[in-house]
Each structure stands twice: as C-alpha cells, then as structure tokens.
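As numbered in numbering that gives the first Met the number 0, residues 0 to 84 make up the sequence shown, in order. C-beta: ideal position from N, C-alpha, C; glycine also.
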Amino acid sequence: MPEPIPFPGAVRAIGETFPAHVIRAGRGVAEHRGILADDIDAVTLHDRRFATYMLGQLGSRDPDHQRVGEVGLRRLITSMQDDAA
Numbered sequence: 000m001p002e003p004i005p006f007p008g009a010v011r012a013i014g015e016t017f018p019a020h021v022i023r024a025g026r027g028v029a030e031h032r033g034i035l036a037d038d039i040d041a042v043t044l045h046d047r048r049f050a051t052y053m054l055g056q057l058g059s060r061d062p063d064h065q066r067v068g069e070v071g072l073r074r075l076i077t078s079m080q081d082d083a084a
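Listed below in structure tokens is the structure:
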C-alpha cells in the first residue's frame, strides 16, 4: 500500500512521490496503450505500491519513464494472471 504523506493530492510509492494528477494521467496513458481498465484495477488491488509506481512512471512527461511504466505494468499484470491460473 502506498505510504500516506502529510499533504493531500499526492502518493508516495517505492521511494518517489507522485502528484495525484500524474497517477490519473498514467492510468489514461495505460488505457490509451491498450491496457484494460479492469486489469489496472485488478493489479492495483494485487500490488498497490508497485502498480502506483508504474502508473506514476506512465504519467511522466519523459518518454523513457513512460516506457518503463508500461513494461512494468504489463509484466505485473502478466505475473498476476499467471498466479491466478
């Protein structure tokens, strides 16, 4: 679970703090790149801290961070689905 921080509108995950709008943008980018909203919700329930970090990376303006976020999120979804099978 992301660590609570003392000011609203931001989330800390894996040592980084992301503004809430960056997480929302990351979700939009993920959906635009073909990751299903249901998969995002499921993976967030499965491993909130890592999923939040990857959504934060996807919401970044840096294309390298976006690629890392997409690959990480897809791998986490695949791992979660393999565990469920």
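* Asked: Quick one: is the Cβ of D61 within less than 8 Å of any heavy atom of the ligand GDP?
  -> No copy of the ligand GDP appears in this structure; indeed no ligand is present at all.
* **Neighbourhood of D37 by C-beta, 8 Å cutoff - its chain only, sequence neighbours within 5 removed** => Excluding five sequence positions before and after D37, none of the CB atoms of its chain fall closer than 8 Å to its own CB.
* Assuming Q80 contacts G68 (C-beta within less than 8 Å), just tell me the rounded distance between them. => About 19 Å; that fails the 8 Å criterion.
* Asked: Sorted by chain position, which residues of the same chain lie with C-beta nearer than 8 Å to E30's C-beta, five sequence neighbours on each side aside?
  -> Contacts found: A36 and I39.
* List the endpoints of the continuous beta strand (DSSP E) containing R11. => Here the beta strand (DSSP E) through R11 covers A9 to A12.
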